[in-house]
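**Student:** Dropping the structure in here first, questions after.
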Amino acid sequence: MERKIVFAFDGRRQPDPYQGRDDITKLISESEKYGFEVVCTYDDGLFCEGGDYRSVARRIEEEGPDWVVYSEEYLKTIEDCEILVIMYNGVNKKLLERAKKLKYIAVMRSGLENVDIEECKKRGIKVSNCPGKVSEPVSEMACAMILDVMRNVAGVNKNWKPGDGFRAVESSKLSCETTIGIVGFGIIGKKVAKKLSGFDFHFIAYDPYAKEEDAKKLGVKLVSLEELMSTSDIITIHARLLPATENLIDEKEIAVMKPTAYLVNTARAGLVNEEALIQALKDKRIKGAALDVFKEEPLPDDHVLHQLDNVVLTPHMAGNAGDVMLLSVKMMMEEIVRYMKNEKLESQIV
Numbered sequence: 004m005e006r007k008i009v010f011a012f013d014g015r016r017q018p019d020p021y022q023g024r025d026d027i028t029k030l031i032s033e034s035e036k037y038g039f040e041v042v043c044t045y046d047d048g049l050f051c052e053g054g055d056y057r058s059v060a061r062r063i064e065e066e067g068p069d070w071v072v073y074s075e076e077y078l079k080t081i082e083d084c085e086i087l088v089i090m091y092n093g094v095n096k097k098l099l100e101r102a103k104k105l106k107y108i109a110v111m112r113s114g115l116e117n118v119d120i121e122e123c124k125k126r127g128i129k130v131s132n133c134p135g136k137v138s139e140p141v142s143e144m145a146c147a148m149i150l151d152v153m154r155n156v157a158g159v160n161k162n163w164k165p166g167d168g169f170r171a172v173e174s175s176k177l178s179c180e181t182t183i184g185i186v187g188f189g190i191i192g193k194k195v196a197k198k199l200s201g202f203d204f205h206f207i208a209y210d211p212y213a214k215e216e217d218a219k220k221l222g223v224k225l226v227s228l229e230e231l232m233s234t235s236d237i238i239t240i241h242a243r244l245l246p247a248t249e250n251l252i253d254e255k256e257i258a259v260m261k262p263t264a265y266l267v268n269t270a271r272a273g274l275v276n277e278e279a280l281i282q283a284l285k286d287k288r289i290k291g292a293a294l295d296v297f298k299e300e301p302l303p304d305d306h307v308l309h310q311l312d313n314v315v316l317t318p319h320m321a322g323n324a325g326d327v328m329l330l331s332v333k334m335m336m337e338e339i340v341r342y343m344k345n346e347k348l349e350s351q352i353v
């Protein structure tokens, strides 16, 4: 076989994540039908300066791949491959200079911060991703948090002590009295609206790229960010973290929230000014927040958020449900087979 596809595991995941997974092995072996040699290897480049998996994954999302240093063994493995399949692995100019035969990079996640897209463009290398890979578990988590804060389930559980009996608790709103504001009306934002459509919520959304017809189909009204922040009872964040969206929810946006409003974030911590949010929670200027993502992760035990009584906190677990590995490989292999059959790629970025 002259053509070669390399599946590169982002190092220190040992044993390899496909070991003992006949369902996944069967999927990737599809490549052989199209004349490709299949090679599975691992790339420890993310850990060239130490750190755990979460910290290096976060670093490459924030800084890009230029800092990554590869082992000579890995570079030799990929220098004659046509297709490279990765997750968080870095792809920078140094790697591309060695991978002379590389024509296609398949990224098994929605983000592409770990790939030097401009260098790929210059070299005519195709790049595709897996948009919405974790949209199902993340949207479910967002819905769970929305319903939790609406009825204050976690708060009552936290404060209800033995001997209290069936004491009176603060009355909460019904769904028909509640406006849900969705910031970011992409795959996940749409799924949140669809999943909650069985309730009687009123839905509004902010997304400068959303289409009016898509919103109308789900009973959602598109509005400005200012209107959403000032009129929503529960605000749920589903935008993508980019330089242009960093601190999208800043001090000014938080200041116009209703004093009875909640903020839910299962997306990225950088979308919200965490310091401004904490101050608003401390001052009781908003009712509360449900957060799955934080500026510093893992969240330190002595962090101020742990001391507040108007927050629901979870350890960045929204996307951790179901067989994500199988789903990732299945989505990516469908795209890879399209490439091998010279068909149009559905999620091609470059």
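Here the sequence shown stands for residues 4 to 353, where the numbers follow our numbering. Cβ coordinates follow ideal geometry from the N, Cα and C atoms, glycine included.
(1) Return the chain-ordered list of same chain residues with a C-beta closer than 6 Å to the C-beta of glycine 187, the five sequence neighbours on each side being excluded.
(2) So what's arginine 6 in DSSP terms, helix, strand or just coil?
(3) What does the alpha-carbon distance come out to for the pair leucine 316 and isoleucine 89?
(4) Thinking C-beta only, is valine 141 closer than 7 Å to alanine 321?
(5) Is the segment 210-223 close to the segment 266-276, with three or more CB pairs under 8 Å?
(6) Could you tell me the alpha carbon to alpha carbon distance between isoleucine 81 and isoleucine 257, rounded to whole angstroms?
(7) Over the uninterrupted alpha helix (DSSP H) stretch that includes glycine 53, give me the two end residues.
(8) From what residue to what residue does the alpha helix (DSSP H) around alanine 157 run?
(9) Taking the alpha-carbon positions, what's the glutamate 143 to lysine 198 distance?
(10) So what does DSSP say about aspartate 217, is it helix, strand or coil?
(11) Here's the rule I'm using: 16 or more other beta-carbon atoms within 10 Å means buried, otherwise exposed. How should asparagine 95 be labelled?
(12) In this structure, what does DSSP give as the bridge partners for serine 131?
(13) To the nearest angstrom, how far is it from the Cα of proline 18 to the Cα of threonine 44?
(14) Helix, strand or coil, according to DSSP, for glutamine 17 in the structure here?
(15) Leaving out the 5 sequence neighbours to the left and right, which residues in its chain are closer than 6 Å to valine 42 when beta-carbon positions are compared?
(16) Count Cβ pairs between the segment 108-125 and the segment 333-346 that sit closer than 8 Å; are there 3 or more?
(17) Roughly how far, in whole angstroms, is the beta-carbon of glycine 48 from the beta-carbon of tyrosine 73, given that I think they are within contact range, below 8 Å?
(18) If glycine 135 sits next to isoleucine 190, beta carbons under 8 Å apart, how far is it from one beta carbon to the other, in whole angstroms?
(19) At which residues does the alpha helix (DSSP H) containing leucine 311 begin and terminate?
(20) Excluding the five sequence neighbours on either side, which residues of its own chain have a C-beta within less than 8 Å of the C-beta of serine 175, listed in chain order?
(21) With respect to the alpha helix (DSSP H) encompassing glutamate 121, which residues constitute its N-terminal and C-terminal limits?
(22) Please determine, among Gly67, Phe169 and Leu99, the residue with the shortest C-alpha to C-alpha distance to cysteine 84.
(23) What distance in whole Å lies between the Cβ atoms of lysine 287 and tyrosine 265, which are believed to be in contact at a cut-off of 8 Å?
(24) So that I know if they touch, is there some Cβ in chain D lying closer than 7 Å to that of glutamine 351?
(25) From the DSSP output, which residues share a beta bridge with tyrosine 45?
(26) Should methionine 335 go down as buried or exposed, given a rule of 16 or more other Cβ atoms within 10 Å for buried?
**Tutor:** Taking the coordinates as given:
(1) Asp210, His241 and Ala242, listed in sequence order.
(2) In the structure shown, arginine 6 sits in a strand (DSSP, three-state: E or B).
(3) If you draw a straight line from the Cα of leucine 316 to the Cα of isoleucine 89, it is about 31 Å long.
(4) In this structure, alanine 321 lies near valine 141, with their beta-carbon atoms less than 7 Å apart.
(5) With a cut-off of 8 Å, the segment 266-276 and the segment 210-223 do not count as touching, because too few Cβ pairs lie within range.
(6) Note on geometry: alpha-carbon atoms of isoleucine 81 and isoleucine 257 lie some 48 Å from one another.
(7) Per DSSP, glycine 53 belongs to no alpha helix (DSSP H) and is neither H nor E.
(8) Element bounds for alanine 157: 156-162.
(9) Roughly 8 Å between the two C-alpha positions.
(10) Correct three-state label for aspartate 217: helix.
(11) Residue environment: asparagine 95 is assigned as buried (16 or more neighbouring CB atoms within 10 Å of its CB, all protein chains considered).
(12) The partner list for serine 131 (beta bridge, DSSP) reads Ala109 and Gln351.
(13) At proline 18, the pLDDT of 47 sits below 50, so the modelled position is not reliable; the number obtained from the coordinates is stated separately. Straight-line measurement puts the Cα of threonine 44 at about 11 Å from the Cα of proline 18.
(14) In this prediction, glutamine 17 scores a pLDDT of 49, lower than 50, which makes its location untrustworthy; the coordinate-derived value is nonetheless stated afterwards. In the three-state reduction of the DSSP assignment, glutamine 17 falls in the coil class.
(15) Here the set comprises Val9.
(16) The segment 108-125, when compared against the segment 333-346, does touch it at the 8 Å Cβ threshold.
(17) With a beta-carbon spacing of about 4 Å, glycine 48 and tyrosine 73 fall inside the 8 Å limit used to define contacts.
(18) Contact between glycine 135 and isoleucine 190 is confirmed by a C-beta separation of about 4 Å, below the 8 Å threshold.
(19) Counting along the chain, no alpha helix (DSSP H) covers leucine 311, and no H or E run does either.
(20) Cβ within range, chain order: Met153, Arg154 and Asn155.
(21) Run containing glutamate 121: 120-126, per the alpha helix (DSSP H) assignment.
(22) The option with the nearest alpha carbon to cysteine 84 is Leu99.
(23) With 8 Å as the limit, tyrosine 265 and lysine 287 do not qualify as a contact, their Cβ atoms being about 13 Å apart.
(24) No chain D is present in this structure, which holds just one protein chain.
(25) Paired residue(s): Phe12.
(26) Buried.
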